[in-house]
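Trainee: Got a structure for you, written out below as structure tokens; questions coming shortly.
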Amino acid sequence: MIWASVQDTMTGCSSYLVGDELTGQALVVDPLHSKTAAHYVLMAQDLGLSIAYVVDTHTHADHESAARELSEAAQATLALSHRAPVHFAYAPLKEGDRFHLGSVEVEVWEMPGHTPDSLCLVLRDLDRGGEPWLVMTGDVLFVGDVGRPDLGESSEAAVKEAARAQFRSLDRLMELPDYVEVYPAHFGASHCGGLYMSRKYCSTIGYERRYNTLLQARDPDRFVAEQLKFLKPPPENARKVRALNLGAAGSS
Amino acid sequence: MAEPSSMRGLWEDVKTGRVELLDLRPPRAFHHDHVPGSVSAPYRLQGFGPSVAAFLSDRGGPPFALVSDNQIVLDAGREALHDSGFIPEAVLVMRMTEWAEAGLPSVRVPDLSVDHLFTERDQYVVMDVREPYEWRSGVIPGALTLPMGTVPDETRKLDRARRYAIVCAHGNRSQSVASFLADQGFDVMNVAGGMMAWLQAGYPVRETASP
Numbered sequence: 070m071i072w073a074s075v076q077d078t079m080t081g082c083s084s085y086l087v088g089d090e091l092t093g094q095a096l097v098v099d100p101l102h103s104k105t106a107a108h109y110v111l112m113a114q115d116l117g118l119s120i121a122y123v124v125d126t127h128t129h130a131d132h133e134s135a136a137r138e139l140s141e142a143a144q145a146t147l148a149l150s151h152r153a154p155v156h157f158a159y160a161p162l163k164e165g166d167r168f169h170l171g172s173v174e175v176e177v178w179e180m181p182g183h184t185p186d187s188l189c190l191v192l193r194d195l196d197r198g199g200e201p202w203l204v205m206t207g208d209v210l211f212v213g214d215v216g217r218p219d220l221g222e223s224s225e226a227a228v229k230e231a232a233r234a235q236f237r238s239l240d241r242l243m244e245l246p247d248y249v250e251v252y253p254a255h256f257g258a259s260h261c262g263g264l265y266m267s268r269k270y271c272s273t274i275g276y277e278r279r280y281n282t283l284l285q286a287r288d289p290d291r292f293v294a295e296q297l298k299f300l301k302p303p304p305e306n307a308r309k310v311r312a313l314n315l316g317a318a319g320s321s
Numbered sequence: 047m048a049e050p051s052s053m054r055g056l057w058e059d060v061k062t063g064r065v066e067l068l069d070l071r072p073p074r075a076f077h078h079d080h081v082p083g084s085v086s087a088p089y090r091l092q093g094f095g096p097s098v099a100a101f102l103s104d105r106g107g108p109p110f111a112l113v114s115d116n117q118i119v120l121d122a123g124r125e126a127l128h129d130s131g132f133i134p135e136a137v138l139v140m141r142m143t144e145w146a147e148a149g150l151p152s153v154r155v156p157d158l159s160v161d162h163l164f165t166e167r168d169q170y171v172v173m174d175v176r177e178p179y180e181w182r183s184g185v186i187p188g189a190l191t192l193p194m195g196t197v198p199d200e201t202r203k204l205d206r207a208r209r210y211a212i213v214c215a216h217g218n219r220s221q222s223v224a225s226f227l228a229d230q231g232f233d234v235m236n237v238a239g240g241m242m243a244w245l246q247a248g249y250p251v252r253e254t255a256s257p
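Respectively, the protein sequence lines represent chains P and S.
Throughout the first sequence, residue numbering follows the working numbering, covering 70 to 321 in sequence.
Throughout the second sequence, residue numbering follows the working numbering, covering 47 to 257 in sequence.
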């Protein structure tokens with residue numbers, strides 16, 4: 070497995086490039102418009118890889134995605150949740166789907182909460198073992214925090230329902246073994262988390278299980294109450310950014 | 047999409063030796079499938095311009111062309127060379143599948159899995175191109191041991207009627223050697239994953255081989 074990450078420290082966004090030594094194929098997850106599509110193409114080339122897949126873990130509301138542009142520039146497959154409400158063509162990902170870059174296996178988990186189309190990607194290196202090595206958690210689980218539930222629909226009932234879904238998704242993540250590495254889509258002062266989000270951009274399931282404050286709420290009602298306590302105004306331009314990422318007519 | 051006419055024009059220039067063709071794709075892609083006579087010059091973020099400029103200067107600054115399967119990579123390579131004072135005569139974005147569809151020739155080195163090599167081992171001459179210190183981890187029984195640097199001097203001794211499986215530690219050096227031999231018309235395959243994959247799969251080796 071070849072592994073690289075790209076961070077935008079201004080916005081607290083993380084994106085990832087995973088490749089396979091033998092096939093030379095790479096997957097880019099949550100590419101950032103602020104870094105430009107060309108950056109990822111040249112980075113892959115520098116690592117001796119060609120980008121075969123581009124995935125967004127969900128429709129982002131806080132920053133512009135480069136997924137569509139990158140998939141075109143690299144002639145790669147753009148894959149999104151089948152629930153992604155976007156206005157352009159893509160390969161739909163569903164619960165349990167698995168795709169391979171050589172010995173790297175990517176398993177798709179549908180993890181609604183932060184948004185209805187949120188995905189986590191569970192990665193294995195089949196050359197080394199059959200157990201998961203790491204999980205890209207998108208905006209489901211952060212280091213020290215979890216994704217906020219109010220950036221999709223903002224009515225109180227919808228936010229509560231999203232928080233409840235987030236609880237179930239996090240519960241499911243906690244079924245993974247302690248040693249599995251956690252790579253979220255955000256860190257630091259990102260708009261998508263709450264009070265406790267760490268500036269560190271990766272962690273493990275075991276560390277978060279023990280020390281993530283929001284994971285200590287063991288019943289859904291307490292979790293929802295905790296989430297609601299930390300709500301804050303949506304990021305500036307959230308509506309516009311989301312529309313841009315959806316490819317909505319007239320959004321640019 | 048590359049125009050068949052521009053690919054044919056380029057091939058005419060490469061075939062007759064009028065231009066040197068530099069292929070900017072990653073090494074793996076080049077060794078897998080490339081234009082006969084072209085040179086692997088993988089674009090890198092650091093040092094690409096000066097090293098390719100030195101290569102071209104050594105050759106007396108011949109006219110050259112650049113090829114890649116990606117416009118962004120091609121533009122970055124061209125710019126880096128421009129900064130080093132070298133301007134290509136032609137540039138082309140194309141895929142080798144388009145090249146083949148236009149009826150033009152290519153040099154191919156197929157990958158060979160260790161599983162296939164193990165079951166079909168009597169079909170191949172295994173050539174291990176690692177350095178002598180690496181033989182300690184074990185050598186495939188019956189393999190020729192020819193460290194990469196010695197291969198050019200040994201090609202006279204190779205049998206053109208046989209099929210060669212080239213192996214190294216991870217499959218990178220063997221790829222270069224395999225495409226070098228394929229350029230000379232040998233029937234070669236590259237052992238994907240090299241000795242790492244062979245050993246991980248638990249296939250037999252002879253220990254501490256001395257040639």
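Glycine included, every Cβ here is placed at the ideal spot set by N, Cα and C.
Determine the chain A residues that contact P72 of chain S at a beta-carbon separation under 9 Å, and present them in chain order.
Mentor: Any reference to chain A falls outside this structure, whose protein chains are P and S.
Trainee: In terms of DSSP beta bridges, what is L86 of chain P paired with?
Mentor: Here residue 86 of chain P corresponds to residue number 17 of the first sequence, with the count starting at 1. Answer is P:A73, P:V97.
Trainee: Which residues of chain P have a Cβ atom closer than 8 Å to the Cβ of A119 of chain S, listed in chain order?
Mentor: Position 73 of the second sequence, counted from the first residue, corresponds to residue 119 of chain S. According to the sequence shown, residue 119 of chain S is Val rather than Ala. Those within 8 Å of V119 of chain S in chain P are V110, L111, Q114.
Trainee: Would you say G106 of chain S reaches chain P, if we count a Cβ-Cβ gap shorter than 8 Å as a contact?
Mentor: Here the question's residue 106 of chain S lines up with position 60 in the second sequence. Output row for G106 of chain S: interface = no.
Trainee: If you drop the 5 nearest sequence neighbours on each side, which residues of the same chain put their C-beta closer than 6 Å to that of V153 of chain S?
Mentor: Reading the second sequence from its first residue, position 107 is the one you call residue 153 of chain S. Excluding positions up to five away in sequence, the list reads H80, P82, A228, D229.
Trainee: Buried or exposed: which applies to F157 of chain P, given that a residue is buried once 16 or more other Cβ atoms fall within 10 Å of its Cβ?
Mentor: Mapped onto the first sequence, residue 157 of chain P falls at position 88. Burial call: exposed.
Trainee: Would you say L91 of chain S reaches chain P, if we count a Cβ-Cβ gap shorter than 8 Å as a contact?
Mentor: The residue you call residue 91 of chain S lines up with position 45 of the second sequence. At least one chain P Cβ lies under 8 Å of L91 of chain S.
Trainee: Answer with yes or no whether the minimum CB distance from Q221 of chain S to chain P is below 8 Å.
Mentor: Here the question's residue 221 of chain S lines up with position 175 in the second sequence. No, because no Cβ of chain P sits closer than 8 Å to the Cβ of Q221 of chain S.
Trainee: Is the CB of N236 of chain S under 8 Å away from at least one CB in chain P?
Mentor: Start at 1 with the first residue of the second sequence, and residue 236 of chain S comes out as number 190. No, N236 of chain S does not count as interfacial toward chain P.
Trainee: Does DSSP put F101 of chain S in a helix, a strand or coil?
Mentor: In the second sequence, counting from the first residue as 1, residue 101 of chain S sits at position 55. Three-state DSSP puts F101 of chain S in a helix.
Trainee: Between the alpha carbons of M140 of chain S and Y210 of chain S, how many angstroms are there, rounded?
Mentor: Translated into the one-based positions of the second sequence, residue 140 of chain S becomes position 94. Translated into the one-based positions of the second sequence, residue 210 of chain S becomes position 164. C-alpha separation (whole angstroms): 30 Å.
Trainee: Kindly list, in the order they appear in chain P, the residues whose Cβ is closer than 8 Å to that of H216 of chain S.
Mentor: Residue numbering aside, residue 216 of chain S sits at position 170 when the second sequence is read from its first letter. Under the 8 Å cutoff, chain P gives E90.
Trainee: How far does the alpha helix (DSSP H) with F236 of chain P in it extend, from its first residue to its last?
Mentor: Along the first sequence, read from residue 1 onward, the residue named residue 236 of chain P stands at position 167. 225 to 242 is the span of the alpha helix (DSSP H), which, as asked, contains F236 of chain P.
Trainee: Strictly under 8 Å for the Cβ-Cβ distance: is G131 of chain S near chain P by that measure?
Mentor: Here residue 131 of chain S is taken as the residue at index 85 of the second sequence, counted from 1. No, G131 of chain S does not count as interfacial toward chain P.
Trainee: In terms of residue numbering, what span does the beta strand (DSSP E) encompassing P198 of chain S cover?
Mentor: Locating residue 198 of chain S in the second sequence gives position 152, where the first residue counts as 1. Here P198 of chain S belongs to no beta strand (DSSP E); instead the alpha helix (DSSP H) covers 197 to 200.
Trainee: Applying a beta-carbon distance threshold of less than 7 Å, which residues of chain S neighbour D288 of chain P?
Mentor: Taking the first residue of the first sequence as 1, we reach residue 288 of chain P at position 219. Here the premise fails: no neighbours, minimum Cβ distance about 45 Å.
Trainee: Taking only beta-carbon atoms, is A143 of chain P less than 8 Å away from chain S?
Mentor: Here the question's residue 143 of chain P lines up with position 74 in the first sequence. By this cut-off, A143 of chain P is an interface position.
Trainee: Which chain S residues are close to A107 of chain P, counting only those with a beta carbon under 7 Å from its beta carbon?
Mentor: Indexing the first sequence from 1 puts residue 107 of chain P at position 38. Simply I118.
Trainee: For the segment 180 to 206 of chain P, which residues have a beta carbon sitting closer than 8 Å to at least one beta carbon of chain S?
Mentor: For the segment 180 to 206 of chain P, which is checked against every Cβ of chain S, the residues closer than 8 Å are D196.
Trainee: Taking 6 Å as the limit between beta carbons, can you name the residues of its chain near V63 of chain S, skipping five residues before and five after?
Mentor: Within the second sequence, the letter at position 17 stands for residue 63 of chain S. According to the sequence displayed, residue 63 of chain S carries Gly and not Val. The answer is none, since no qualifying residue turns up.
Trainee: From the DSSP output, in three-state form, read off W202 of chain P for me.
Mentor: Mapped onto the first sequence, residue 202 of chain P falls at position 133. Looking at W202 of chain P - three-state DSSP - the assignment turns out to be coil, as it is neither helix nor strand.
Trainee: Which residues in the same chain have their Cβ closer than 8 Å to the Cβ of L348 of chain P, if we skip the five residues on either side of it in sequence?
Mentor: Since the first and last residues shown for chain P are 70 and 321, residue 348 of chain P lies out of range.
Trainee: Once DSSP output is grouped into helix, strand and coil, what is the label at M44 of chain S?
Mentor: The structure shown does not extend to residue 44 of chain S, since chain S spans only 47 to 257, so no value can be given for it.
Trainee: Nearest-angstrom Cα distance between T165 of chain S and A135 of chain P?
Mentor: Working through the second sequence from its first residue, we reach residue 165 of chain S at position 119. Working through the first sequence from its first residue, we reach residue 135 of chain P at position 66. Taking the straight line joining both Cα atoms gives about 45 Å.
Trainee: What residue does the alpha helix (DSSP H) around W178 of chain P start on, and which one ends it?
Mentor: If you number the first sequence from 1, residue 178 of chain P lands on position 109. From DSSP, W178 of chain P is part of no alpha helix (DSSP H) but of the beta strand (DSSP E) over 173 to 179.
Trainee: Can you grab the Cα-Cα spacing for the pair F256 of chain P / V124 of chain P, in whole Å?
Mentor: To locate residue 256 of chain P, count along the first sequence from 1; it is residue 187. To locate residue 124 of chain P, count along the first sequence from 1; it is residue 55. So the alpha carbons of these two residues sit roughly 19 Å apart.
Trainee: List the residues of chain P whose Cβ lies closer than 8 Å to the Cβ of A87 of chain S, in chain order.
Mentor: As a working note, residue 87 of chain S is residue 41 in the second sequence. By Cβ distance, chain P contributes nothing, its closest Cβ being about 12 Å from A87 of chain S, past 8 Å.
Trainee: Which two residues bound the contiguous beta strand (DSSP E) that contains F299 of chain P?
Mentor: Translated into the one-based positions of the first sequence, residue 299 of chain P becomes position 230. First-last for F299 of chain P: undefined, no H or E at that position.
Trainee: Rounded to whole angstroms, how far is the Cβ of T126 of chain P from the Cβ of L188 of chain P, which I believe are closer than 8 Å?
Mentor: For the purposes of this step, residue 126 of chain P is identified with residue 57 of the first sequence, where counting begins at 1. For the purposes of this step, residue 188 of chain P is identified with residue 119 of the first sequence, where counting begins at 1. So it is a contact: roughly 5 Å between Cβ atoms.
Trainee: Among S:M241, S:W57, S:R252, whose alpha-carbon lies nearest the alpha-carbon of A146 of chain S?
Mentor: On the second sequence, residue 146 of chain S is found 100 positions in, with the first residue counted as 1. The option with the nearest alpha carbon to A146 of chain S is S:W57.
Trainee: Run the CB neighbour count on S223 of chain P, radius 10 Å, all protein chains shown included, and call it buried at 16 or more, exposed below.
Mentor: Here residue 223 of chain P is taken as the residue at index 154 of the first sequence, counted from 1. The residue in question, S223 of chain P, is exposed, as its Cβ has fewer than 16 Cβ neighbours within 10 Å.
Trainee: Looking at the unbroken alpha helix (DSSP H) that takes in H162 of chain S, where does it start and where does it end?
Mentor: Taking the second sequence and counting its residues from 1, the one referred to as residue 162 of chain S is at position 116. Start and end: 160 to 165.
Trainee: Which residues of chain P have a Cβ atom closer than 8 Å to the Cβ of A75 of chain S, listed in chain order?
Mentor: Here residue 75 of chain S is taken as the residue at index 29 of the second sequence, counted from 1. Near A75 of chain S (Cβ distances below 8 Å), the residues of chain P are G93, S119.
Trainee: State the CB to CB distance for the pair S238 of chain P and V212 of chain P, rounded to an integer number of angstroms; the pair is presumed to be in contact (CB under 8 Å).
Mentor: On the first sequence, residue 238 of chain P is found 169 positions in, with the first residue counted as 1. On the first sequence, residue 212 of chain P is found 143 positions in, with the first residue counted as 1. So it is not a contact: roughly 17 Å between Cβ atoms.
Trainee: Find the residues of chain P that neighbour A122 of chain S, judging by a C-beta separation of less than 9 Å, and give them in chain order.
Mentor: Translated into positions along the second sequence, residue 122 of chain S becomes position 76. Under the 9 Å cutoff, chain P gives A107, V110, L111, Q114.
Trainee: Provide the residue(s) that pair with G263 of chain P in DSSP beta bridges, ordered along the chain.
Mentor: One-based indexing of the first sequence puts residue 263 of chain P at position 194. Answer is none; G263 of chain P lacks a bridge partner.
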